[in-house]
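Novice: Before I ask anything, here is the structure I am working with.
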Amino acid sequence: MAAGDDPRPGELVVTRDFDAPRELVFRAWTEPERVRRWWGPEGFTMPYCDIDLRPGGTFLRCMRAPGGLDFWVTGVFREIVAPELLVFTDSFADKEGNVVPPTRYGAGSGMPLERLVTVTFEELAGSTRVTVRHAGLPSGEDRDLVRHGWAGGLESLSGYLSGAS
Amino acid sequence: MSSSTLDSTFAALADPTRREILVRLASGEASVKELAEPFQMSLPGVSKHLKVLERAGLISRGRVAQSRPCRLEARPLKEAADWVEHYRRFWEEGLDRLEDYLQEIQREGEGGGGR
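Following this line, the structure appears as structure tokens:
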């Protein structure tokens, strides 16, 4: 079973039901011409999108913000089960696809260099439920430790954090 | 915060004892001895964990005499949590657009491959 089991506290989980067949929803996530039509926040466009959809394959996208600023994003597909599951890493990049720190784009300084995104596509009666799980992956040797630990750490402290702005 | 600092934050949080120490400190300063009590652990054992937490910037330690009370530093934790909020907005808005897109192509009868 992939990382798509119980939600882990502290990990970002977003769920949405779509009135569309699962096959089509999956294609909207994996075919460049479809991805370009919706990916990213409101007002963003995607001038470049390349997807090598196979385990170990990479993607490279350019998201253009309403002000014209380009954000390049890359990652590696860890797991693909069409049309049920996608697992990929997610990092900021330059336009050659080299990973760069999020701070290069002025992103939140607390953002991990690499994130792991797990997307499940479930068939419901007449609709498709998409669940996106997004977790931080620090670089190098800390990675495995963190996969087990960091979410729990943030959970136990969430009460404190909410009072500590 | 640089990503290497962030890595040390995550590594520090990866250990359950260290998380417990942070939770304890969330309710106020404590000495090494007070922190050691709940964990059947030697003072040097606890000190080792405190060093990791201090290096990660998650706690600071007073300079007062022997006890050097430990204090929780919230900022690195908050920064680690903030990116999650950033991505929540990212995905919520993206999925809104996906919903519109799917409606649009299905209206056009371009369900291509869908059932």
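Quick mapping for you: the protein sequence lines, in order, are chains A and B.
For what it's worth, our numbering labels the leading residue of the first sequence as 1, then goes sequentially.
For what it's worth, our numbering labels the leading residue of the second sequence as 166, then goes sequentially.
Just so you know, even glycine gets a beta-carbon here, dropped at the ideal spot from N, CA and C.
(1) Taking only three categories from DSSP, how would you classify A:D144?
(2) One question on the structure: do A:V76 and B:W256 come within less than 8 Å of each other, judged by their Cβ atoms?
(3) Below 7 Å on C-beta distance, what does A:F121 contact in chain B?
(4) Please confirm whether B:S196 and B:P234 have their CB atoms less than 8 Å apart.
(5) Going along chain B, which residues have a C-beta under 7 Å from A:L12?
(6) So, does the CB of A:G40 fall closer than 8 Å to a CB anywhere in chain B?
(7) What is the DSSP secondary structure of A:V25, counted as helix, strand or coil?
(8) Would A:V117 and A:A93 be called neighbours here (beta carbons separated by less than 8 Å)?
(9) Measuring CA to CA, which of A:P112, A:G97 and A:P101 is closest to B:V249?
(10) Going along the chain, which residues of its own chain have a beta-carbon closer than 8 Å to the beta-carbon of B:S207, five neighbours each way excluded?
(11) Please report the straight-line C-alpha distance between A:H134 and A:F88, rounded to a whole angstrom.
(12) Closest by CA to A:E79, which one among A:A20, A:R129 and A:G57?
(13) State yes or no: is the beta carbon of B:E257 nearer than 8 Å to at least one beta carbon in chain A?
(14) May I ask you to list, following chain order, the residues of the region 257–271 of chain B that have a beta carbon less than 9 Å from some beta carbon of chain A?
Specialist: Taking the geometry as given:
(1) Low confidence applies to A:D144: its pLDDT is 40, below 50, so where it sits in the model is not reliable, and the reading given next is rough at best. Three-state result, A:D144: helix.
(2) no
(3) Within chain B, no residue comes near A:F121; the closest Cβ sits about 12 Å away, beyond 7 Å.
(4) yes
(5) V249, Y252 and R253
(6) yes
(7) helix
(8) no
(9) A:P112
(10) A201
(11) 10 Å
(12) A:G57
(13) yes
(14) E257, E258, G259, L260, D261, R262, L263, E264, D265, Y266, L267, Q268, E269, I270 and Q271
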